[in-house]
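**Student:** Numbering (our numbering), first residue to last: 384 to 572. Ideal Cβ positions, reconstructed from N, Cα and C, are used throughout, including at glycine. As the structure is a prediction and not an experimental result, all values here were calculated from the model. Handing you this structure, nothing more for now.
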């Protein structure tokens with residue numbers, strides 16, 4: 384063989400050896416995968432904070448009803464409570480002792496009673512047709528027919544600051560004023 388041919392064979396063998404031998408070795412599988420760096424662990428998204436439910440506004444009010452001159456009605460206390468978005472709940476104290484019959488609690492547009500409820504003003508349109516009916520039975524039991532009403536206590540259209548008047552019944556409607564008091568906001572019921 385000539386020197387040139389020998390050099391060509393040596394070059395070919397060197398090239399084959401450098402490339403991994405060119406064939407499979409007995410007992411070993413060919414490694415065809417490429418080495419990869421391990422993937423970093425997935426970062427989980429932080430849980431969004433749970434928003435606290437907004438605190439709903441609550442209003443509480445009371446009206447201390449003082450009898451007008453000549454009325455045989457005792458003083459009474461009417462309490463109101465309302466949570467934003469709900470109807471207003473109403474409770475009464477001191478209606479015991481009223482003679483049997485029908486009575487009406489009406490919100491008036493005035494901001495003071497004056498003598499004998501003369502400054503109470505007209506029924507307040509903001510309360511709508513929501514007059515609270517009170518029925519006292521012959522055995523002197525009874526009271527408010529409804530424990531909830533649909534008017535607002537607070538805000539621009541609320542009844543707080545207006546006058547509440549207890550009326551006798553005149554043919555199914557509010558008649559003569561018997562007691563009067565301003566609806567005042569209080570901290571708790």
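If I measure Cβ to Cβ from residue 450 and keep anything under 8 Å in the same chain, skipping five residues before and after, which residues do I get?
**Tutor:** Same-chain partners within the cutoff: 456, 457, 458, 561, 562.
**Student:** I'd like the list of long-range same chain contacts for residue 532, defined as Cβ closer than 7 Å, with 5 residues on each side in sequence excluded.
**Tutor:** Within the same chain, residue 532 has close Cβ partners 470, 471, 473, 513, 515.
**Student:** Alpha carbon to alpha carbon, how far is residue 507 from residue 570?
**Tutor:** Looking at the two C-alpha atoms, the distance is approximately 24 Å.
**Student:** Would you check if there are 3 or more beta carbon pairs closer than 8 Å linking the segment 430-442 to the segment 490-508?
**Tutor:** The answer is no - the segment 490-508 does not touch the segment 430-442, with fewer than three Cβ pairs under 8 Å.
**Student:** Ignoring anything shorter than 4 residues, give me the alpha helix (DSSP H) runs that lie fully in the segment 420-507, in order along the chain.
**Tutor:** DSSP runs (the alpha helix (DSSP H)) wholly in the segment 420-507: none.
**Student:** Tell me whether residue 389 is buried or exposed, calling it buried when 16 or more other Cβ atoms sit within 10 Å of its Cβ.
**Tutor:** Note that residue 389 scores a pLDDT of 49, beneath 50, so its modelled location is shaky; the value from the coordinates is reported in the next line. Exposed: under 16 other Cβ atoms inside 10 Å.
**Student:** By Cβ distance below 6 Å, which residues in the same chain neighbour residue 566 in space, the five residues on each side in sequence not counted?
**Tutor:** Same-chain partners within the cutoff: 444, 446, 542, 543, 545, 547.
**Student:** By a C-beta neighbour count over all protein chains shown, 10 Å radius and 16 as the cutoff for buried, is residue 523 buried or exposed?
**Tutor:** So residue 523 ends up on the exposed side.
**Student:** Tell me, to the nearest whole angstrom, how far the beta carbon of residue 475 is from that of residue 527; I am working on the premise that it is less than 8 Å.
**Tutor:** Their Cβ separation, rounded to whole angstroms, is 5 Å, which keeps residue 475 and residue 527 in contact under 8 Å.
**Student:** How many Å lie between residue 518 and residue 430 at the Cα?
**Tutor:** The alpha-carbon atoms of residue 518 and residue 430 are separated by roughly 57 Å.
**Student:** Between which residues of its own chain and residue 466 is the CB-CB distance below 6 Å, once the five residues before and five after are set aside?
**Tutor:** So the qualifying residues of the chain are 439, 441.
**Student:** Since residue 519 is in the beta strand (DSSP E), which residue starts that stretch and which ends it?
**Tutor:** Start and end: 515-519.
**Student:** Is the beta carbon of residue 477 closer than 8 Å to that of residue 460?
**Tutor:** A contact, by the Cβ cut-off of 8 Å.
**Student:** With 16 as the cutoff for other CB atoms within 10 Å, does residue 573 come out buried or exposed?
**Tutor:** Because the chain here runs from 384 to 572, residue 573 falls outside it and cannot be looked at.
**Student:** Taking buried to mean at least 16 other C-beta atoms within 10 Å of its own C-beta, is residue 529 buried or exposed?
**Tutor:** Residue 529 comes out exposed.
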